[in-house]
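K.L.:
Before I ask anything, let me first share the structure, which is written out below as structure tokens.
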Amino acid sequence: MTRGRLAFLATLGSAALAFDALAADTVIRNARIVTVSGPVIERGSVLISGARIAAIGADVAVPPGAVVIDGSGKTVYPGLIDGLTRIGLVEIGQGAAGTVDSNETGDVNPHAKAWVAVHPHSELIPVARANGVTAVLSAPGGGLISGQSALIRLAGSTPESLVVKTPVGMHMVFPTGRPSFDFAQAAQQDPELRTFEERQRERRRNQEKDLAKLKNLLEEAKAYGAALEAAKAGQAERPKPDPVMEALAPVARGELAVVMRADNEEDIKAAVKFADERKLKLIVAGGLEAWRCTELLKQKDVPVLVNVDRLPRRESDAYDAAYANAAALQRAGVRFAIVSDDASQVRNLPYEAAMARAYGLSADAAIRSITLSPAEIFGVQSRMGSLETGKDANLFLATGDIMDHRSQVTHVFIDGVPQSLETRHTRLYNEFKARP
Amino acid sequence: MKRFSFAALLALFGAGAATQEAGKSVAITGGTILTMGPQGTLERGTLVITNGKITAVGRDVRVPAGASVIDAAGRYVIPGIIDAHSHTAIEGGVNEGSDIVTAEVRIRDVIDNGDIDIYRQLAGGVTTINVLHGSANSIGGQNAILKLRWGKSPEELVFKDAPRGIKFALGENPKRSNFNPQGGQQRRYPATRMGVEVSIRSAFEEARAYKAEWDAYDKKLKALPAKAERPLPPRRNLRMETLKDILEGRIDVHAHCYRSDEILMLIRVADEFGFKIRTFQHVLEGYKVASEIAKHGAGASGFSDWWAYKMEAQDAIPYNAAVLTAHGVLFSMNSDSNELARRLYWEAAKAMKYGNVSETEALKMVTLNPAKQLRIDKWVGSLEAGKDADVAIFSAHPFAPDTRVEMTLVDGTVYFDRAKDLAQRGQAPAAAGSNQ
Numbered sequence: 262m263t264r265g266r267l268a269f270l271a272t273l274g275s276a277a278l279a280f281d282a283l284a285a286d287t288v289i290r291n292a293r294i295v296t297v298s299g300p301v302i303e304r305g306s307v308l309i310s311g312a313r314i315a316a317i318g319a320d321v322a323v324p325p326g327a328v329v330i331d332g333s334g335k336t337v338y339p340g341l342i343d344g345l346t347r348i349g350l351v352e353i354g355q356g357a358a359g360t361v362d363s364n365e366t367g368d369v370n371p372h373a374k375a376w377v378a379v380h381p382h383s384e385l386i387p388v389a390r391a392n393g394v395t396a397v398l399s400a401p402g403g404g405l406i407s408g409q410s411a412l413i414r415l416a417g418s419t420p421e422s423l424v425v426k427t428p429v430g431m432h433m434v435f436p437t438g439r440p441s442f443d444f445a446q447a448a449q450q451d452p453e454l455r456t457f458e459e460r461q462r463e464r465r466r467n468q469e470k471d472l473a474k475l476k477n478l479l480e481e482a483k484a485y486g487a488a489l490e491a492a493k494a495g496q497a498e499r500p501k502p503d504p505v506m507e508a509l510a511p512v513a514r515g516e517l518a519v520v521m522r523a524d525n526e527e528d529i530k531a532a533v534k535f536a537d538e539r540k541l542k543l544i545v546a547g548g549l550e551a552w553r554c555t556e557l558l559k560q561k562d563v564p565v566l567v568n569v570d571r572l573p574r575r576e577s578d579a580y581d582a583a584y585a586n587a588a589a590l591q592r593a594g595v596r597f598a599i600v601s602d603d604a605s606q607v608r609n610l611p612y613e614a615a616m617a618r619a620y621g622l623s624a625d626a627a628i629r630s631i632t633l634s635p636a637e638i639f640g641v642q643s644r645m646g647s648l649e650t651g652k653d654a655n656l657f658l659a660t661g662d663i664m665d666h667r668s669q670v671t672h673v674f675i676d677g678v679p680q681s682l683e684t685r686h687t688r689l690y691n692e693f694k695a696r697p
Numbered sequence: 002m003k004r005f006s007f008a009a010l011l012a013l014f015g016a017g018a019a020t021q022e023a024g025k026s027v028a029i030t031g032g033t034i035l036t037m038g039p040q041g042t043l044e045r046g047t048l049v050i051t052n053g054k055i056t057a058v059g060r061d062v063r064v065p066a067g068a069s070v071i072d073a074a075g076r077y078v079i080p081g082i083i084d085a086h087s088h089t090a091i092e093g094g095v096n097e098g099s100d101i102v103t104a105e106v107r108i109r110d111v112i113d114n115g116d117i118d119i120y121r122q123l124a125g126g127v128t129t130i131n132v133l134h135g136s137a138n139s140i141g142g143q144n145a146i147l148k149l150r151w152g153k154s155p156e157e158l159v160f161k162d163a164p165r166g167i168k169f170a171l172g173e174n175p176k177r178s179n180f181n182p183q184g185g186q187q188r189r190y191p192a193t194r195m196g197v198e199v200s201i202r203s204a205f206e207e208a209r210a211y212k213a214e215w216d217a218y219d220k221k222l223k224a225l226p227a228k229a230e231r232p233l234p235p236r237r238n239l240r241m242e243t244l245k246d247i248l249e250g251r252i253d254v255h256a257h258c259y260r261s262d263e264i265l266m267l268i269r270v271a272d273e274f275g276f277k278i279r280t281f282q283h284v285l286e287g288y289k290v291a292s293e294i295a296k297h298g299a300g301a302s303g304f305s306d307w308w309a310y311k312m313e314a315q316d317a318i319p320y321n322a323a324v325l326t327a328h329g330v331l332f333s334m335n336s337d338s339n340e341l342a343r344r345l346y347w348e349a350a351k352a353m354k355y356g357n358v359s360e361t362e363a364l365k366m367v368t369l370n371p372a373k374q375l376r377i378d379k380w381v382g383s384l385e386a387g388k389d390a391d392v393a394i395f396s397a398h399p400f401a402p403d404t405r406v407e408m409t410l411v412d413g414t415v416y417f418d419r420a421k422d423l424a425q426r427g428q429a430p431a432a433a434g435s436n437q
């Protein structure tokens, strides 16, 4: 942290000032403050002391020696949180397999952990950060049980220094029974002509097989977990080490959330039923047709990680079905976060929220869906997601509404440390913009 | 029966109820008109349409007696959006990828007028799309420029009198880097960027010889006495005939490319054979060779901020549009995606965020600039008297975070009307976001 602050202050060009300011606080004054948890402060100050927000309000006393940032005409927001990404696990998605660490071989990888492989020097991190994203869920994908996710801050030089919370969820893909689609092998798929009914029957068979597998794994993990507990209590011998079972045991006990990828109405409903029967703690990811199951999601209190900029699933759907999805969840009282579900496009998170806003989500709910709501869903709301005294100083300053493409982010703080806004993109831009 | 009833209903709605009566005028009144033409922005302006053409636009334009009036008070009226790179309405017919050169195939032979994405894109303000062949070959098939006249036959979708165009492609896609050969098949030539150059050069060497044969024949014909016996013509070859048309400047070349080296390669090959590249498509590293592109006289049509999705996209920067524009290259923002096409107005806004392009210049990137690149600006791209009445009406400025397309007209006919769309779902127009 000290090094980050020093680097920032060095850019101010005065070693003396840097020395004085090092121990000092930072205050952003005269800014519009979107607290998210409370009302907007039209003109006020945020005082950052160390890694925390020390004070916030219309009248904040500026401590002597504090670094003052004039926020006139600007808006302060809590750092954005992208609740579903592959940041740190994927650098170049296609044609550079060496940079892809998101999808492990095989179907059952509950013991794969994102936080052991997140790449702190990924070029994607500064790019996301430069548009106000300060924390993301980095999650593995693919297979039936993909692995465990980590909530990471977008600043740090080792995987350990990135981590905010682990594990956040056990990521799974709800089995649809469809053969996995390989773009490169597309023409080889399904060489025989079969009727729709035949395909459907085969799909159901595969789906039931996968669900049975998942069910058995969870039952086994429950028993394994109980055996471990008994061993701890000295009532039995410790069972043979089994990393898969050990990883799944907290899921089976309903302690660790299952983040289940499901888009279709029938899959979401089946996922809720599956989780309900086993008392699993469920979060739905994707949720393209969540608007078709709002009552059920509300009744079972299942949060949804939804991305907005998608085509409707069915031809007969309203053209804006995906855009209006978030508003439908909001109206029904379902907990949700808007996510990018991407790696290189994380910087566009506020624009996903903007589209939901254009199609019925209130501006307040839209900003909440990319700050406090994901913090609540992941259980870190006491530390981040809103601007409140005592919370981690993750925040940024923008020239206007962050959901407006025309706004510029001018300052980003993570844990009180000012962040560089330089990216691979600004470096290349500066190198080539004036090339004759 | 492939389509569902809702789509069919919309088709009827598009083709029937809203069609402008011959001779009767339509006036769009009260809105802020962003003409993208010499008249600039007109507050509380009026736009008059007769027989599908704009007959008047201005602040002091009288509404003709008997005209039907579209009240656009408080709304923004812009030219219909033009997508310079689309694969809509040709599902399953995008790539003739069996050979490295397939100049003879034509997109206009495979137009699917029932593609629901036509309607969905109208709902994003899009009125004209440049439907291009895929990028599997260094010289692919011929394009079709379509107007989104939803509900009309494939022939009626074709943009009348639009110049012919063809797709070229460089880099990873024609060399099939990210595609495995299908079972039992051999790897197709080429596998390197060197081979891509060879394939284009060889094709044009052959085409030059073919042209020489025909030129000699035409010359012989001209010199022939009136009643002399005609010599046998050379054997017709559809592939070579197309390349001959390129050499003679009768077909515009739209070249998919990523890296700066391959951009320079194509410029050199084109210069050598004496033809022009009309647009570089995607052109992610165009900013590195902006002067060379400008000197060749080519336009550039790219993404706003896609990057890192494959190796050749590693150096893509969102400042590309701004750098190319500053170097005098005509730039348009395209989608290459059924989903992204629906929010091209926000893609254009990103040119303001990254590189400070002016608001008008940014909006031109999805209206007038692509019209010029496709050489259809005589008819579309701006709101000027004499041009086609292709119009999108937004609820707020097209770059605003809660803006939405309310109505889209092609040739003066309303093909999308959000109020009617909502009414068909059984909802009051007042409902901002809705799914049912």
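From first to last, the protein sequence lines stand for chains A and B. Heads up, the first sequence is in this note's numbering, so the first residue is 262 and it goes up one at a time. Heads up, the second sequence is in this note's numbering, so the first residue is 2 and it goes up one at a time. Note that CB positions come from ideal geometry on N, CA and C, so glycine has one too.
Is R445/B close to chain A? Criterion is C-beta to C-beta, closer than 8 Å.
P.N.:
Outside the shown range of chain B, which is 2 to 437, sits residue 445/B, and nothing can be said about it.
K.L.:
When DSSP builds the beta bridges, which residues end up paired with Q282/B?
P.N.:
For this step, residue 282/B is matched to residue 281 along the second sequence. Looking at the DSSP assignment, Q282/B forms a beta bridge with H257/B, S302/B.
K.L.:
Which same chain residues end up closer than 8 Å to A492/A when comparing Cβ atoms and leaving out the 5 residues on each side of it in sequence?
P.N.:
Here residue 492/A refers to the residue found at position 231 of the first sequence. Excluding sequence neighbours, A492/A sits near E498, R499, P500.
K.L.:
Using the three-state DSSP reduction, which class does Q186/B fall into: helix, strand or coil?
P.N.:
The residue given as residue 186/B occupies position 185 in the second sequence. Three-state DSSP puts Q186/B in coil, outside helix and strand.
K.L.:
Can you pull the chain C neighbours of P319/B, defined as C-beta to C-beta under 8 Å?
P.N.:
The structure shown has no chain C; the protein chains it does contain are A and B.
K.L.:
Does Q461/A come within less than 8 Å of chain B when only Cβ atoms are used?
P.N.:
Taking the first residue of the first sequence as position 1, residue 461/A is located at position 200. False, the Cβ-Cβ gap to chain B never drops below 8 Å.
K.L.:
Once DSSP output is grouped into helix, strand and coil, what is the label at L682/A?
P.N.:
For this step, residue 682/A is matched to residue 421 along the first sequence. If DSSP states are grouped into helix, strand and coil, L682/A belongs with coil.
K.L.:
Using a Cβ distance threshold of 8 Å, determine whether the segment 221-231 of chain B contacts the segment 155-163 of chain B, with at least three qualifying pairs required.
P.N.:
no
K.L.:
Is R266/A close to chain B, meaning its C-beta is less than 8 Å from at least one C-beta of that chain?
P.N.:
On the first sequence, residue 266/A is found 5 positions in, with the first residue counted as 1. At R266/A, the pLDDT of 47 sits below 50, so the modelled position is not reliable; the number obtained from the coordinates is stated separately. Chain B, which has no Cβ nearer than 8 Å to the Cβ of R266/A, makes this no.
K.L.:
Within 8 Å of any Cβ in chain B, is that where the Cβ of F597/A sits?
P.N.:
One-based indexing of the first sequence puts residue 597/A at position 336. Judged by the 8 Å Cβ criterion, F597/A is not in contact with chain B.
K.L.:
Counting C-beta neighbours from all protein chains within 10 Å, is the total for M353/B 16 or more, i.e. buried, or is it exposed?
P.N.:
Locating residue 353/B in the second sequence gives position 352, counting from the first residue. The residue is buried, with at least 16 neighbouring Cβ atoms inside 10 Å.
K.L.:
Does the distance from the C-beta atom of E649/A to that of I302/A stay below 8 Å?
P.N.:
Working through the first sequence from its first residue, we reach residue 649/A at position 388. Working through the first sequence from its first residue, we reach residue 302/A at position 41. No, the pair does not count as a contact, with Cβ atoms beyond the cut-off.
K.L.:
Could you name the residues of the same chain whose beta carbon sits closer than 8 Å to that of C554/A, not counting the 5 residues immediately before and after it, in chain order?
P.N.:
Taking the first sequence and counting its residues from 1, one reaches residue 554/A at position 293. Same-chain partners within the cutoff: E526, I529, K530, V533.
K.L.:
Bridge partners of N131/B, per DSSP?
P.N.:
As a position in the second sequence, residue 131/B is number 130, starting the count at 1. Partner(s): I146/B.
K.L.:
Measure from the C-beta of Q187/B to each C-beta in chain A and report whether the shortest distance is under 8 Å.
P.N.:
As a working mapping, residue 187/B is identified with position 186 in the second sequence. No, Q187/B lies away from the interface with chain A (no Cβ there is under 8 Å from its Cβ).
K.L.:
Going along the segment 332-359 of chain A in order, which residues come within less than 8 Å of chain B, judged by CB to CB distance?
P.N.:
E352, I353, G354, Q355, G356, A357
K.L.:
Count the other CB atoms, across all protein chains shown, that sit within 10 Å of the CB of A322/A; report buried if there are 16 or more and exposed otherwise.
P.N.:
As a position in the first sequence, residue 322/A is number 61, starting the count at 1. Under the 10 Å beta carbon count, A322/A is surrounded by fewer than 16 other beta carbons and is classified as exposed.
K.L.:
Say whether chain A places a C-beta atom closer than 8 Å to the C-beta of D113/B.
P.N.:
Here the question's residue 113/B lines up with position 112 in the second sequence. So no, D113/B is outside the interface.
K.L.:
Please report the residue range of the beta strand (DSSP E) in which E207/B lies.
P.N.:
The count along the second sequence starts at 1 and reaches residue 207/B at position 206. Counting along the chain, E207/B falls outside any beta strand (DSSP E), though it belongs to the alpha helix (DSSP H) covering 194-224.
K.L.:
At 7 Å on the CB atoms, spell out the chain B contacts of S605/A, in chain order.
P.N.:
For the purposes of this step, residue 605/A is taken as the residue at position 344 of the first sequence. Here the neighbours are W308, A309, Y310.
K.L.:
Name the chain B residues that come within less than 7 Å of P697/A, Cβ to Cβ?
P.N.:
Start at 1 with the first residue of the first sequence, and residue 697/A comes out as number 436. By Cβ distance, chain B contributes S292.
K.L.:
Any Cβ of chain A within less than 8 Å of the Cβ of F304/B?
P.N.:
Taking the first residue of the second sequence as 1, we reach residue 304/B at position 303. Residue contact check for F304/B against chain A: no CB pair falls below 8 Å.
K.L.:
Could you pull the start and end residues of the beta strand (DSSP E) that I29/B belongs to?
P.N.:
For this step, residue 29/B is matched to residue 28 along the second sequence. Run containing I29/B: 26-35, per the beta strand (DSSP E) assignment.
K.L.:
Extract the residue ranges of the beta strand (DSSP E) inside the segment 452-531 of chain A, only unbroken runs of 3 or more that lie entirely within it.
P.N.:
518-523
K.L.:
Work out the CA separation of I130/B and L147/B for me, nearest whole Å.
P.N.:
For the purposes of this step, residue 147/B is identified with residue 146 of the second sequence, where counting begins at 1. For the purposes of this step, residue 130/B is identified with residue 129 of the second sequence, where counting begins at 1. Those two C-alpha atoms are separated by around 5 Å.
K.L.:
Exposed or buried, which one is L233/B when buried takes at least 16 other CB atoms within 10 Å?
P.N.:
In the second sequence, counting from the first residue as 1, residue 233/B sits at position 232. So L233/B counts as exposed.
K.L.:
Count the CB pairs spanning the segment 612-621 of chain A and the segment 584-600 of chain A that are closer than 8 Å, and state whether there are at least three.
P.N.:
yes
K.L.:
Counting along the chain, where does the alpha helix (DSSP H) carrying R344/B start and finish?
P.N.:
Looking up residue 344/B in the second sequence gives position 343. First-last for R344/B: undefined, no H or E at that position.
K.L.:
On the CB-based measure, 16 or more other CB atoms within 10 Å of its CB, does Q496/A come out buried or exposed?
P.N.:
Against the first sequence, residue 496/A aligns to sequence position 235. By the 10 Å Cβ count, Q496/A comes out exposed.
K.L.:
Whose Cβ in chain A lies nearer than 9 Å to the Cβ of M438/B?
P.N.:
Limits of chain B in this structure are 2 at one end and 437 at the other, which puts residue 438/B out of reach.
K.L.:
Give every residue of the same chain whose Cβ lies closer than 6 Å to the Cβ of R376/B, excluding the five residues on either side of it in the sequence, and list them in chain order.
P.N.:
Taking the second sequence and counting its residues from 1, one reaches residue 376/B at position 375. Only P164 meet the Cβ criterion.
K.L.:
Under 8 Å, with one C-beta from each stretch per pair, do the segment 336-343 of chain A and the segment 604-613 of chain A reach the 3-pair mark?
P.N.:
At 8 Å Cβ cutoff, the stretches touch.
K.L.:
Between which two residues does the beta strand (DSSP E) carrying I317/A extend?
P.N.:
In the first sequence, residue 317/A corresponds to position 56, counting from 1. Per DSSP, I317/A belongs to the beta strand (DSSP E) from 313-318.
K.L.:
Quick one, which residues of the segment 526-552 of chain A are near chain B if we go by CB-CB under 8 Å, in chain order?
P.N.:
So the list reads W552, given in the order they occur along the chain.
K.L.:
How would you list, in chain order, the residues of chain A whose beta-carbon sits under 8 Å from the beta-carbon of P175/B?
P.N.:
Counting from one through the second sequence, the residue named residue 175/B turns up at place 174. Within 8 Å Cβ-Cβ: nothing; P175/B doesn't reach chain A, min ~14 Å.
K.L.:
What in chain A is Cβ-close to Y288/B, meaning under 8 Å?
P.N.:
Position 287 of the second sequence holds residue 288/B. Under the 8 Å cutoff, chain A gives L689, Y690, F693, K694.
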